Amino acid sequence: MDSYAGIDPLTSELVSVTVDGDTVSAIESHRIDAPWEGRTWIAPGLVDLQVNGFAGFDFNADPPQVEQVIGAARSLLAEGITTFVPTLITASHEQVAARLAVIRQARDQDQLVRTMIPYVHLEGPHLSDQDGARGVHDPAWIRPPSLDEFLDWQRGSGDLVGMVTLSPHYDGSAGYIAALSALSIRVAIGHTHADEDQIGRAVAAGASLSTHLGNGAHPILPRHPNYIWSQLAEDRLTAGFIADGHHLPASTLKAMIRAKGMERSLLVSDAVALAGSPPGRYDTPVGGQVDLSPSGRLTHVGSGLLAGAARSLAYGVATVANGTDLGLAGALDLATAQPGRLARGRGRLSAGGPADLILFYWQPGEPRLTIETVVKAGLRHDHDPGPAGP
Ligand SMILES: [Zn+2]
Numbered sequence: 005m006d007s008y009a010g011i012d013p014l015t016s017e018l019v020s021v022t023v024d025g026d027t028v029s030a031i032e033s034h035r036i037d038a039p040w041e042g043r044t045w046i047a048p049g050l051v052d053l054q055v056n057g058f059a060g061f062d063f064n065a066d067p068p069q070v071e072q073v074i075g076a077a078r079s080l081l082a083e084g085i086t087t088f089v090p091t092l093i094t095a096s097h098e099q100v101a102a103r104l105a106v107i108r109q110a111r112d113q114d115q116l117v118r119t120m121i122p123y124v125h126l127e128g129p130h131l132s133d134q135d136g137a138r139g140v141h142d143p144a145w146i147r148p149p150s151l152d153e154f155l156d157w158q159r160g161s162g163d164l165v166g167m168v169t170l171s172p173h174y175d176g177s178a179g180y181i182a183a184l185s186a187l188s189i190r191v192a193i194g195h196t197h198a199d200e201d202q203i204g205r206a207v208a209a210g211a212s213l214s215t216h217l218g219n220g221a222h223p224i225l226p227r228h229p230n231y232i233w234s235q236l237a238e239d240r241l242t243a244g245f246i247a248d249g250h251h252l253p254a255s256t257l258k259a260m261i262r263a264k265g266m267e268r269s270l271l272v273s274d275a276v277a278l279a280g281s282p283p284g285r286y287d288t289p290v291g292g293q294v295d296l297s298p299s300g301r302l303t304h305v306g307s308g309l310l311a312g313a314a315r316s317l318a319y320g321v322a323t324v325a326n327g328t329d330l331g332l333a334g335a336l337d338l339a340t341a342q343p344g345r346l347a348r349g350r351g352r353l354s355a356g357g358p359a360d361l362i363l364f365y366w367q368p369g370e371p372r373l374t375i376e377t378v379v380k381a382g383l384r385h386d387h388d389p390g391p392a393g394p
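Throughout, this note's numbering is defined as the position within the sequence shown, counted from one, plus 4.
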């Protein structure tokens, strides 16, 4: 049995968590009188529902490789992420099938990967083909939904897909969403140009999420109505937000979280493979040359457009804690319990629950949580964070 102690950001009490095997066996809280010198915070491990890659490892690599999945998992763990959902983007039927097969293989052969990945998120290929809305998804492979295609992916991967992002502007979207919902697959609206009626029909059919709301959108929209307001107002949709400090201006992020409410908001990194790399100029296989700035802004050389998100949730939590009135506890909730509800009940510390937790330092104004210790399924991983990276 091991024990871990730190300050609970919500109560400011000293919390001691006892771990037995891969499970939390007891939690005790103690009030502390004196200010805690050099305080270490304690929280559940972070849960990221949208990750394309990390630290040079890419789930959308061609050809896909088991080592990419295992490498990304280990690198994400060092950032305090104990549960993540690999996200596969728009591609051919065979490419998606091959990438799913590799993630399945990685889960089969690596115990850590198996406990970190609850399922896979397919972002595409049934998205808007309009520039702006499609983001960087390849229009050559964007296509209408097909249940046969989805079922083929599930057969080949052992039912590994647990979430699908689509644009509900297609005829037949509602039937497809209803069929996936009946299979307990979560359906998210994203990269869309759907109108309010189409969004309403998608929600009635079972869609329950908005993927990175406010991004994957046209640069210019009618002031109202538009698909952002429609999704903000729909109480049956929980919205994911990219809180890297670049994809949404601080005031937009604050207003959107207020509009959805804490119970319907969560943070995602949407990290690409270059996330976690040192600042500099990089050649990418599909996007050409990109610059990664010291502040974690990833842009195409020449156009200056954003080329993806490059920061882990350890930054996202700090961005929200610094830029809103939610405080550290509220920001953490959006990266633990809220996404954890959609990841088999992770993201909470409770007796009898999974022993996934982090010990970290953070003070207001700092751009990231500095992770000291990660416990995943009861196993301790200590880190020397070194100099703050991108
Ligand atoms: Zn996207």
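Built from N, CA and C at the ideal position, the CB exists for glycine as well.
Only a predicted model underlies this, so the values are computations on that prediction, with no experimental measurement involved.
- [ ] Just grab the DSSP bridge partners of T377 for me.
- [x] Answer by DSSP bridge pairing, in chain order: L363 and D386.
Task: Paired residues, beta bridge with D52 - DSSP - done: D52 pairs with F88.
TODO: Using only the heavy atoms of ligand 1, determine whether one of them is closer than 7 Å to the beta carbon of H195.
DONE: Checking the Cβ of H195 against ligand 1 gives yes.
Open item on the list: Would G334 and G344 be called neighbours here (beta carbons separated by less than 8 Å)?
Closed with: Going by C-beta atoms, G334 is not nearer than 8 Å to G344.
Open item on the list: At a threshold of 7 Å, does E127 count as lining ligand 1 (C-beta to nearest heavy atom)?
Closed with: Yes; taking the cut-off as 7 Å, the Cβ of E127 has a heavy atom of ligand 1 nearer than that.
Open item on the list: Quick check: is any heavy atom of ligand 1 less than 7 Å from the C-beta of T256?
Closed with: Every heavy atom of ligand 1 is 7 Å or more from the Cβ of T256, so no.
Task: Terminal residues of the alpha helix (DSSP H) in which L155 lies - done: DSSP places L155 inside the alpha helix (DSSP H), whose first and last residues are L151 to S161.
Open item on the list: Considering only heavy atoms of ligand 1, does any lie closer than 7 Å to the CB of G57?
Closed with: Within 7 Å of the C-beta of G57 there is not a single heavy atom belonging to ligand 1.
Open item on the list: Taking 8 Å as the threshold (C-beta atoms), are A9 and G20 in contact?
Closed with: Looking at the sequence provided, one finds Ser at residue 20 rather than Gly. The Cβ-Cβ distance between S20 and A9 falls below 8 Å.
Task: At least three beta-carbon pairs within less than 8 Å, the segment 316–329 to the segment 355–369 - done: Using a Cβ-Cβ distance cut-off of 8 Å, the segment 316–329 and the segment 355–369 are in contact, since at least three pairs of beta carbons, one from each stretch, lie closer than that value.
Open item on the list: Give me the DSSP bridge partner(s) of D6.
Closed with: Its beta-bridge partners are V23.
Open item on the list: Does the beta-carbon of D430, which I'm using as the reference point, lie nearer than 7 Å to any heavy atom of ligand 1?
Closed with: In the structure as shown, the chain begins at 5 and stops at 394. Residue 430 is therefore absent and cannot be evaluated.
TODO: Evaluate R240 with the Cβ neighbour count: other Cβ atoms within 10 Å of its Cβ, from every protein chain shown; 16 or more gives buried, anything less gives exposed.
DONE: By the 10 Å Cβ count, R240 comes out exposed.
TODO: Below 8 Å on the Cβ atoms is my guess for A347 versus V51; work out the distance and round it to an integer in Å.
DONE: Taking 8 Å as the upper bound for CB-CB distance, A347 and V51 are in contact here, some 5 Å apart.
TODO: With a cut-off of 8 Å on the beta carbons, I'd call G300 and R315 a contact; round off their distance for me.
DONE: About 4 Å separates the two Cβ atoms, so the contact holds.
Open item on the list: I need the DSSP call for S234, collapsed to helix, strand or coil.
Closed with: S234 sits in a helix when the DSSP states are folded into three classes.
Open item on the list: T169 and H195 - do their beta-carbons sit closer together than 8 Å?
Closed with: Between H195 and T169, the C-beta spacing is below 8 Å.
Task: Buried or exposed (CB count within 10 angstroms, at least 16 for buried), D360 - done: Burial call: buried.
Task: Euclidean distance between Cα positions of P394 and S281 - done: Any reading at P394 is ruled out, since the residue's pLDDT is 39, under 50, leaving its predicted position unreliable.
TODO: Determine, using beta carbons only, whether S7 and T27 come nearer to each other than 8 Å.
DONE: Not in contact: S7 and T27 (Cβ atoms no closer than 8 Å).
TODO: Measuring alpha carbon to alpha carbon, tell me which of V272, G306, D386 and P358 ends up nearest P90.
DONE: Among V272, G306, D386 and P358, the Cα nearest to that of P90 belongs to V272.
Open item on the list: Please state whether the Cβ-Cβ distance between H130 and R147 is less than 8 Å.
Closed with: Yes.
Task: D248, buried or exposed, once every other Cβ within 10 Å from all chains shown has been counted against 16 - done: Sixteen is the threshold: when 16 or more other Cβ atoms of the shown chains lie within 10 Å of the Cβ of D248, as they do, the residue is buried.
Task: Pick from A38, P67 and A82 that is closest to G49, judged by C-alpha positions - done: When only C-alpha atoms are compared, the closest one is A82.
TODO: On a CA-only basis, which of A313, F154 and Y319 is nearest G220? Give me that one, please.
DONE: For the residues A313, F154 and Y319, the minimum Cα distance to G220 belongs to A313.
Open item on the list: Just to confirm the assignment, what range does the alpha helix (DSSP H) spanning E71 have?
Closed with: Per DSSP, E71 belongs to the alpha helix (DSSP H) from V70 to A82.
TODO: Kindly identify the DSSP beta-bridge partner or partners of V294.
DONE: Under DSSP, V294 forms a beta bridge with Y286 and H304.
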